[in-house]
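Here is the structure we will look at, set down as C-alpha cells.
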Amino acid sequence: MTTSLPKVIRVAVPLPLREAFDYLPPPGMDAAAVPIGARVTVRVGRQRLVGLVCEAGVASRVDAARLRPAQACLDEVPLVDAYTLALIRFAADYYHHPIGEVVMNALPGLLREGVGVDAAGIEVWRLAPAVDASHASVTRAARQRALLDYFTTLGADRAHGPEALAGFGDGWRAPLRQLMDKGLVLRERRPCLAASPGGDAWPTLNPAQAEAVAGIWPAEATPVFAAHLLEGVTGSGKTEVYLHLIERALAAGRQALVLVPEIGLTPQLLARFRSRFAVPIAALHSGLGDAERRCAWLTAAAGEAPIVIGTRSAVFTPLPRLGLIVVDEEHDGSFKQQENLRYHARDLAIWRARAQGACVVLGSATPSLETLHHARAGRYGHHRLRRRAGMAKPPALRLLDIRHKRLDAGLSGPMLAAVGERIKAGEQVLLFLNRRGYAPVLICQGCGWLARCPRCDVPMTYHAQARRLRCHHCEYETPLPAACPECKQVDPVPLGQGTERLESILAARFPEVGILRIDRDTTRRRGALAERLEAVHSGDYPLLIGTQMLTKGHHFPSVTLVGVIDADQGLYSVDYRAHERLAQLLVQVAGRAGREEQPGEVLIQTCQPEHPLLITLLRDGYPAAAEVILGERKATGMPPYSHLALLRAEAPGESVPDDFLNAVAGALSPLAGGEVDLLGPVPAPMPRRAGRYRAQLLLRAATRAPLHRLLREGLPRIDALPEARRVRWSLDVDPVDLY
DNA sequence: AGCACGCCGACT
DNA sequence: GTCGGCGTGCTC
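For what it's worth, UniProt numbering labels the leading residue of the first sequence as 1, then goes sequentially.
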C-alpha cells in the first residue's frame, strides 16, 4: 500500500517569515486547480489571513499531520500574473525580505485585505437636473456654495470624482453630503476608468528629441528588452520624448508604465498625458482613496489601461502587455523605499523590463552615478538632450566666496545686492536653504550650553514663530527657555540660519516686498503646498524662500535669480553620496531659473570656492562633475565600483545594538570567504534617535554574487542569534544613504 | 507580526 | 493564594 504525498498549495502569508507556507487546497478543490497568483484565506495559528498562492499542486515540504486546508480561494483567475509573481519572488530574494511582506507592498490595500475584484466602480457626483442657479437653499454655507458653484459652472452633463473634488480641501465630503441631502447633487457609480479625452496636437520634435525617440524605439518596432539613459538638461523636453515613446508602445499594442517621483505626479502632468492620449490612463499615487486605487490597479492588471502612471510602488502593478517603462527623474531618492521592504523601484523596473521583454528608459538631467556607470559601460543606450527647448541660454552659475565676509543672517553683501537688483527690476528671486526653522542651534553666551534633544542628543532647532525648540529627528519639543538651565544667564541666542530667520531678515531688509516661504512648516496643512506653489505664479511674491522641497520638478518661469545660501553642508558631510547629491541639487535648483526669454543666474555661497567638485561642476557641468565623483568612488571602492548591504540595529540599551552586530559579524565572518568585507559595527551617524541607540554593520563586496550568497546563508544564522531578539534590526541591500 | 506558554513580583 | 510582567518559541 502506498500513501502518496499530499499535494498542496504554497501560500505567501503576510508575516515576517522567510518561507511560504504549505496548505491543503480549500474544500472541494484540487490543489493543482488552485490558480497560481490567486488569493486564498488561510488560518495561521489562530489568526485568519489573506495570502497569495505562489505554487500549486506541489508535494508538501512539511509533515502531512501539520497541514491545514486553506479556507477559501478568493479569485477564480490569478489576481497577480506570472510576470508580477516573478517580480515579487525576485524582490523577496534580492532584498532578502519575507515574501509575504513583498506581496503586501505589491497589492493595493483593499485587495490585500481580501476585498473582491468585481469592478464596482468609483463614486462620482453630478448636479441634479434643473437646479435653480440662484442656489436659494444654500445661502450661508460657504463650502457647500463653493462646491455647488463648481458643479453649476461645469454643468449637469459632467460627473466629478473624488480626484476633482479633493481640490476643495480636506473636508469636502461633509458639505457634499449636505448638498445631496438637499437634492441638489446626485451620486452615481462610474465604471472604473474612463478614457481620457486626448485630442491635443502633437508638437514636432526637435532633432535631438527625434533622434532619442528613434534610437530608443524605432518606428514600427516590436519591443525587446533594452535599457536607455535619457540625459536631458532641465527644460530640454524629456517629457515630449516619453510621450512619443508611449505612442509607439501603444501602436505596438503594448502597455506603458511611467514611474515618477513622489512630488512628480502633479495634476498638470496627468492633464498633459490625458490631453494627448484618448485611452484610459491609470494614475497610482498616495492621494488616492482605497477604492480608487483598487480600481486603477485592476484596470491596469486587466490590460485595459494602456498607460499607468505612478510612484514607486506602481512598479509592482501587473501589466500583461507591458512594452515600455519610463522612470522619470531616475536619480530621485523617493524611488527607494526607506522602510520595511527597502527596494529601489528603478532597479526593479529594469529587472522587470528584462523579464518581460520591455524597453526601459531612465530620464534625468542629473543621472545617478550607477546609471551613468552602466551607460558608460555600454550596458544602457545613452541619449542626450543638450539644449533647452525654445530657450537660448542655460543659467549662469557663479560661486560667492563667503570666507571672512560679513554676513547678514547668512547672506553676503553681493548676494543681498543681487537680490535687491532683481527685485527692483520686477523679477522673481528664489533663495534656497535646506534648513527649516529659525536657527539650528540655541546657545548660552554665558557658559556655552546648547539646547539638545534629550532623546536624540542633537541640537534642537529654534522655531521663532512658535517660540519653541523642536527636534528635527523626533517628535520632541519644548517651550523656548527664558534662561540657560546651567548658568541662569538669560536669553540664549540663536546660532546659524534657517528659512524662518532668512524670511524675517529679508522682510526687514525689503519691507515692501512680498515673501513666500515654502518648507515643511508652511506646508503642513493638506493642500497648503499646492496653494503656495500656485501663489508663486501670482506675481505677489518677488521673493521665494525654500528648502529641498522647492528643488524638485516645479517650474518657476519668472525666477531669474537663484541663491544657494549654504552649499558647504554637502561638501563636509561624511556620507559617501554627499557629493553626488550636492551636484544633483545644485543643477536641479539651477534648473528652476530662467525658463523663458530671461536667462537665469545662480549664485552659490561657499567657504570652499576652490573645491574641485564645485569648480568642475561650474566650469564643465554635471557630466564632468559626475566623472570626478566616479573617480572618488573608484578610489575609495564605493558603489558603483562595489556592492553594499547595510545591517542596521537599534535598541533602548546603549551597548545592545553593538553587541548584536558583533555577534552578527562573528556569525558572518566564517562565511565571508575573503570576498566580502565586514565594515563595523560602527555607531550610526546619529548614534541615538528618539531615545534608541543605533549602530550599523556595512557589508561590501566587489561583485554581487558573494554578497548575496553570504546574506542567503547568513540571515538564518542571524535570526537564530539570541541577541537578535533584543534589538530591532533591518537589512538594506544597495543602501542609498548610510543613515 | 500575533499569540500562547511559562516562570517570577505586588495585589485582592 | 492569584494577576500580569515580557522572554521564548511557533505559526503550514
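Don't be surprised by glycine CBs; every beta carbon is placed ideally from N, CA and C.
Check whether the region 633–640 touches the region 583–600, taking contact to mean three or more Cβ pairs, one atom from each stretch, closer than 8 Å. no
Could you tell me if A377 is buried or exposed, where buried requires 16 or more neighbouring beta carbons within 10 angstroms of its beta carbon? exposed
Looking only at its chain, what residues have a beta carbon closer than 7 Å to the beta carbon of V102, apart from the 5 residues adjacent to it on each side? I88, A91, A92 and L341
Excluding the 5 residues preceding and the 5 following M1 in the sequence, name in chain order all residues of the same chain whose CB lies nearer than 8 Å to its CB. Here M1 scores only 45 on pLDDT, less than 50, and its place in the model should not be relied on; the value that follows carries that caveat. Here the set comprises nothing.
Taking 7 Å as the cut-off, decide whether the C-beta atoms of G57 and A32 are in contact. yes
What distance in whole Å lies between the Cβ atoms of Y23 and R66, which are believed to be in contact at a cut-off of 8 Å? Contact flag wrong, Cβ pair sits at about 10 Å.
With distance defined between alpha-carbon atoms, name the residue in L550, A482, S730 and V361 nearest to L259. V361
Just list the residues that DSSP pairs S364 with in beta bridges. E231
What does a CB cutoff of less than 7 Å around E512 pick up in its chain, not counting 5 residues either side in sequence? none
Between the C-alpha atoms of V315 and D290, what's the straight-line distance to the nearest angstrom? 18 Å
Can the beta-carbon of C474 be found closer than 7 Å to that of C456? yes
Measure how close the beta-carbons of S137 and E231 come, nearest whole angstrom, since I'm counting them as under 8 Å. Not a contact, Cβ separation roughly 58 Å.
Residue range of the alpha helix (DSSP H) that includes C295: D290 to A301
Buried versus exposed, by CB contacts within 10 Å (16 or more), M686: exposed
Is the region 339–357 touching the region 617–633 in the sense that three or more CB pairs, one from each, lie closer than 8 Å? no
According to DSSP, simplified to helix, strand and coil, what is V488? For the sequence presented, residue 488 should be read as Lys rather than Val. Coil, per DSSP.
Report the CB separation of T606 from A578 in whole angstroms; it is logged as a contact under 8 Å. Incorrect: roughly 14 Å between the Cβ atoms, too far for contact.
Continuous alpha helix (DSSP H) stretch holding Q584: start and end: A578 to A590
For the region 480–563, which segments carrying the alpha helix (DSSP H) assignment without a break, of at least 4 residues, lie completely within its bounds, in sequence order? 499–509 and 528–536
Roughly how many whole angstroms lie between the Cα atoms of R725 and R648? 14 Å
Pairing CB atoms from the region 426–446 with CB atoms from the region 491–498, are three or more of them under 8 Å? yes
Would P735 and Y693 be called neighbours here (beta carbons separated by less than 7 Å)? no
Give me whichever residues DSSP pairs with V50 in a beta bridge. T41
Pull up the distance between the alpha-carbon of L250 and that of G198, whole angstroms please. 14 Å
Using 7 Å as the threshold, is the C-beta distance between Y476 and G514 below it? no
Do you know offhand how far V564's Cα is from L711's? 42 Å
Looking at the unbroken beta strand (DSSP E) that takes in W729, where does it start and where does it end? R728 to V733
Tell me which residues share the same chain as R452 and place their Cβ nearer than 7 Å to its Cβ, disregarding the 5 neighbours each side in the sequence. V458, P459 and M460
From which residue to which residue does the beta strand (DSSP E) around Q356 run? Where Q356 is concerned, there is no enclosing beta strand (DSSP E), although the alpha helix (DSSP H) it sits in stretches over A345 to Q356.
Looking at C-alpha atoms only, which residue of C54, Q47 and L127 is the closest neighbour of A12? C54
CB-CB length for Q584 against K552, believed under 8 Å: Wrong, their Cβ atoms sit about 10 Å apart, outside the cutoff.
To which residues of the same chain is A201 closer than 6 Å at the C-beta, ignoring the five residues directly before and after it? none
Taking three-plus beta-carbon pairs below 8 Å as touching, is the region 367–377 in contact with the region 211–218? no
Expressed to the nearest angstrom, what Euclidean distance is found between the alpha-carbon atoms of R728 and V682? 16 Å
Starting from A271, follow the alpha helix (DSSP H) in both directions and report where the run begins and ends. P267 to R276
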